[in-house]
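In our numbering, the protein residues as written are 7 to 178. Cβ coordinates follow ideal geometry from the N, Cα and C atoms, glycine included. Keep in mind it's a predicted model, so treat the numbers as computed, not measured. Taking it in order: structure first as structure tokens, then the write-up.
Given below as structure tokens:
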């Protein structure tokens, strides 16, 4: 079954920049891509699990494979993003804003909580055809709730700090 390529958020919606010019723009772009990936996984899972409910039989394996593929890609992208923030972005910003220690502690704690949800999703993906539908949906819903709250908070507190940082960074 062909998969739909990940599309960036609509640049004409008036909410996101058309062109990435600052680090804040880049962070928004990544967050939008993560949100879009999670929406695709959720839509695929809803279709897959509805198929199981309607017929009582497992749906075609291709849809289960597509869910696995998209969800694992989402989890890898999210892990890379959070690892980059924890290892590079946050320490760099913290050097200039030591008064925000509590903010960075909260963001790192949220990263760990989200990673636990990722682990639960990956475990369920080991056999998507046999996964308990209510549990899988619950984990996706929990990921959606936690991730959206996390990126909303991060955008509120971090973006103003990096709004004037050019992107891509200048070469030394």
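Review point. Mapping DSSP to helix, strand and coil, what is residue 166?
Key: Of the three classes helix, strand and coil, the one that applies to residue 166 here is helix, per DSSP.
Check your understanding: Okay, do the stretch 114-129 and the stretch 146-154 touch, 3+ Cβ pairs below 8 Å being the bar?
Key -> With the cut-off at 8 Å, the stretch 114-129 and the stretch 146-154 touch.
Check your understanding: Going by other Cβ atoms of all chains shown within 10 Å of its Cβ, with 16 needed for buried, is residue 124 buried or exposed?
Key -> buried
Point to revise | Distance, residue 33 Cα to residue 51 Cα | key: 27 Å
Point to revise | residue 159 to residue 109 span [Cα, whole Å] | key: Taking the straight line from one Cα to the other gives about 10 Å.
Exercise for review: Report the option in 115, 74 and 75 whose CA atom is closest to the CA atom of residue 89.
Suggested key: Residue 115 is the option with its Cα nearest to residue 89.
Check your understanding: Where does residue 178 sit, in a helix, a strand or coil, going by DSSP?
Key -> coil
Exercise for review: Could you tell me if residue 141 is buried or exposed, where buried requires 16 or more neighbouring beta carbons within 10 angstroms of its beta carbon?
Suggested key: Exposed, by the Cβ-count rule.
Point to revise | DSSP bridge partner residues for residue 28 (one or two, in chain order) | key: Paired residue(s): 172.
Check your understanding: In this structure, does DSSP put residue 105 in helix, strand or coil?
Key -> Secondary structure at residue 105: helix, using DSSP grouped into helix, strand and coil.
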